[in-house]
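Worksheet: one structure, shown below.
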Amino acid sequence: ASVAQNAVAAQSIYDVTLSRALLQTSLSPYFSVNIDRGTMPVTNQMDSGRCWMFATLNLFRFGIRDRLGVDDFEFSEVFLYFYYLLEQANFYLERIMDTADRALDDREVAEFLGYPVDDGGDWGIAVALINKYGLVPKTTYPETESSSNTSALNTMLTDLLRSAAWRIRTLVQQRSSMDSVRDVKYDYVGKVYRILCIHLGTPPTRFDFSWRDDQNGTFFRLNNLTPKDFCRDYVTVPFNDYVSLVQDPRNEYYRRYTTKNSMPIQGNEPLIFLNVPSEEMKSMCYRMLKDGLPVFFACNVGIECNEAHGLWDANLYNVSGLYGGGVSCDD
């Protein structure tokens with residue numbers, strides 16, 4: 012025990028418990044399936060929770076790169092992020108109005124007040140945002156400090172929206188007219204929009220886009236594009252045809268499921284997932300990769316993960332060996 016105590020006092024528990032045997036057998040850089048689509052610089056979500064947004068837009072990069080004839084291209088992630096936060100704020104205020112007659116310790120009310128906005132999302136939400144607002148190049152609407160480090164912006168919006176919730180709940184409980192309640196809601200949506208413009212910049216409604224074909228040197232310029240025009244003409248992935256699969260052993264397979272309040276984008280249906288066994292999901296992913304198609308994949312990647320070595324394995328850390336028999340993080 013004293014040796015273990017000394018080791019953990021001087022080093023991270025993840026360094027101490029990392030399986031050396033697994034490390035020696037898992038660092039091969041070769042994979043059984045390789046999508047040879049050339050290389051582009053890696054995109055970086057920085058200190059934000061926008062992984063799902065980056066993953067979605069990364070699926071589109073190779074197609075537009077080939078269509079434009081350029082060596083590199085990146086969509087503006089912050090463009091979608093702006094409208095995602097705005098839509099979340101509107102969705103939150105509508106739910107506050109719907110539940111204003113309930114107690115504060117009501118489970119659903121407590122959930123809304125706990126997280127008015129956040130960065131997390133999913134493929135279906137990204138598709139809803141793209142269909143509603145379109146896309147723009149990153150050169151047209153680049154990252155800001157607040158999009159790359161989102162905690163401060165989320166904190167400001169959370170405080171503001173909780174204040175809005177208090178005002179709305181007070182008006183409803185005082186039996187004020189619905190028109191006066193909605194006036195408060197619209198006022199706060201306007202405040203959220205102003206804050207987003209300050210932190211992220213005002214999103215373009217029309218823009219010019221120029222590029223040079225890296226193969227033959229030809230220069231191109233498009234004027235007065237809308238984000239929807241750009242998305243329609245240059246995104247090659249039929250993203251509306253994709254189906255979201257989930258593996259949930261608690262529920263019957265080969266049935267569709269949804270969760271309440273899963274879609275914050277106004278005018279869209281709740282997220283729908285088709286529940287399939289893990290082997291079925293693996294088979295479909297393999298077939299997509301064999302066809303040269305990247306796969307959007309989401310799960311709790313923080314479990315049994317080592318970023319420094321690029322490893323992800325169920326037996327990556329020998330925690331029970333450190334703490335003694337009968338102690339495991341799986342208990």
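Using our numbering, you'd call the opening residue of the sequence shown number 12 and step up by one each time. Note that the Cβ used here is the ideal one computed from N, Cα and C, for glycine as well.
- Going by beta carbons, LEU146 and PHE65 fall outside the 7 Å limit.
- Taken atom to atom, the span from the alpha-carbon of ASN160 to that of THR237 is near 28 Å.
- In the DSSP assignment, the residues bridged to VAL257 are ASN286.
- VAL44 counts as exposed, since fewer than 16 other beta carbons sit within 10 angstroms of its beta carbon.
- Going by C-alpha positions, MET299 is about 18 Å away from ASN286.
- Here TYR245 carries a helix assignment [DSSP, helix/strand/coil].
- A direct Cα-Cα distance of roughly 45 Å separates ARG76 from ASP109.
- Boundaries of the beta strand (DSSP E) around ARG232: 230 to 236.
- A residue is called buried once 16 or more other Cβ atoms fall within 10 Å of its Cβ, and ARG180 is buried on that count.
- Considering only ASN55, LEU164, ALA100 and GLY132, the residue with the shortest C-alpha distance to PRO153 is ASN55.
- With contacts defined as CB atoms closer than 7 Å, THR269 and LEU282 qualify as a contacting pair.
- TYR334 places its beta carbon 7 Å or farther from that of THR28.
- One Cα belongs to GLY321, the other to GLN35, and the distance between them is close to 13 Å.
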